[in-house]
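Okay, structure first, notes after.
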Amino acid sequence: MGQELSALTAAEKPVPRVSCEIDEVTGAPPPRCVTPPRTPPRATMKDVTIKRPPRQRPAKAPGYLHRKRSEAKSFLRVSLRRWARSVGAWSLDAFRLRGYARNRRRIAGQHWEAPFFWDVGDWKSVRERPFRARVVSMDFERGGHAFNIDLYPGGFREDGRASVGAYLRYTGDRPCLELRLRLSVVDQRGGPDVAWRSGLALLGATARLDQGVVTNWGSARLVPRVWLAAGNGHPGLVVDDCVRFRVDVMILGERRVDVNPLGGLAPP
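This note's numbering numbers the first residue of the sequence shown as 50 and each following residue consecutively.
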């Protein structure tokens, strides 16, 4: 009875695809029975129709009209390129000439005044002045306005203690004077000068800091003191214990200043 049930159960089960026979008694495959691998289905090949290119005409040499048309296009392209370049160059020249004429009108009547030279003698004693000790030059006049030079041999600012400072002070009575200036130390042996040039400066009899007007203008580091003395193969700028300073001034005109009693405070 048990053998019938086992046979029936084996019959009901799906029979695997094997390459050997199943034992009728036990219903189990032999130990060396291997299931063969399944082969993948073959891809169905469809008929492909190959399209052939259309029949082309044989190449021919360009005709007379085709050549003339190409020559006309090339001539037109080159002519337009040359015309564009000439127009661009003319516009640039016109722009430059217009700017040049504008600048000429702006600086008409403006020129550098005659330089002022100041020889500071006994430099060995002058250079020993303490920090912020001032040496004032004599007054001089340029362009109808009076100036003098404030020299600080021991330095004027904390970042310029090792340099000589020089400032141009306006001693006139105008409220605001617009000018450009150049301070330099002259090499009396014929070498290049040590120069400092400022931009636009506004000097007046009274300082108005809210409007940018000051009483003096210059550089706190005009020249290092070591450059004045001889050393390192350089003869120095001191000749016969004398240092020569030069000042160039260009007067641009006067500027109107708003009178405001509550404006900027003048420095001491």
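Where a beta carbon is used, it is the ideal one built from N, C-alpha and C, also for glycine.
Please read all numbers here as calculations on a predicted model, not as lab measurements.
Exercise for the section: For Gly163, count neighbouring Cβ atoms within 10 angstroms of its own Cβ and tell me buried if that reaches 16, exposed if not. Expected result: The question names Gly, yet the displayed sequence has Ala at residue 163. Ala163 is exposed by the Cβ-count criterion.
Exercise for the section: Could I get the ranges of all uninterrupted beta strand (DSSP E) runs contained in the segment 238-271, with 3 residues as the minimum, in chain order? Expected result: 243-246 and 250-252
Handout entry: Leu277 - containing beta strand (DSSP E), residue span
Key = Careful: Leu277 lies outside any beta strand (DSSP E), inside the alpha helix (DSSP H) at Arg274 to Leu277.
Exercise for the section: Could you check which residue in Met187, Asp96, Leu141 and Arg210 has the C-alpha nearest to that of Trp167? Expected result: Met187
Exercise for the section: State the Cα-Cα distance for the pair Arg130 and His115, rounded to the nearest angstrom. Expected result: 23 Å
Practice task
Whole angstroms is fine: what's the gap from Arg218's alpha carbon to Arg246's?
Solution key: 15 Å
Handout entry: Neighbourhood of Gly203 by C-beta distance below 6 Å, restricted to the same chain and skipping five residues each side
Key = Arg178, Pro179, Phe180 and Ala182
Problem - Ile198 and Val296 closer than 8 Å at C-beta - result: yes
Problem - Distance between Leu277 and Ser174 (C-alpha atoms, nearest Å) - result: 14 Å
Exercise for the section: List the residues that DSSP assigns as beta-bridge partners of Tyr201. Expected result: Gly214
Handout entry: Burial state of Ile300 (16 or more Cβ within 10 Å)
Key = buried
Practice task
Classify Gly193 as helix, strand or coil using the three-state DSSP reduction.
Solution key: coil
Exercise for the section: Give the DSSP-derived three-state secondary structure of Arg293 in the structure shown. Expected result: strand
Exercise for the section: Could you say which of Gly285, Asp208 and Leu232 lies nearest to Phe165 if we only look at CA atoms? Expected result: Leu232
Exercise for the section: Could you check how far apart the C-beta atoms of Val169 and Cys291 are, in whole angstroms? I think they sit under 8 Å. Expected result: 7 Å
Exercise for the section: Could you tell me whether the Cβ atoms of Trp266 and Leu249 are closer together than 8 Å? Expected result: no
Exercise for the section: Pick out whichever of Ala269, Gly285 and Val127 has its Cα sitting closest to the Cα of Phe205. Expected result: Ala269
Practice task
Go through its chain and collect everything with a Cβ distance to Gly285's Cβ below 8 Å, but skip five positions before and after it.
Solution key: Trp276, Leu277, Ala278 and Ala279
Problem - Residues bridged to Met299 [DSSP beta-bridge criterion] - result: Trp161 and Arg229
Handout entry: For Phe294 and Arg176, the rounded distance between their alpha carbons
Key = 14 Å
Handout entry: Buried versus exposed call for Leu258 [16 or more other C-beta atoms within 10 Å across all chains shown]
Key = exposed
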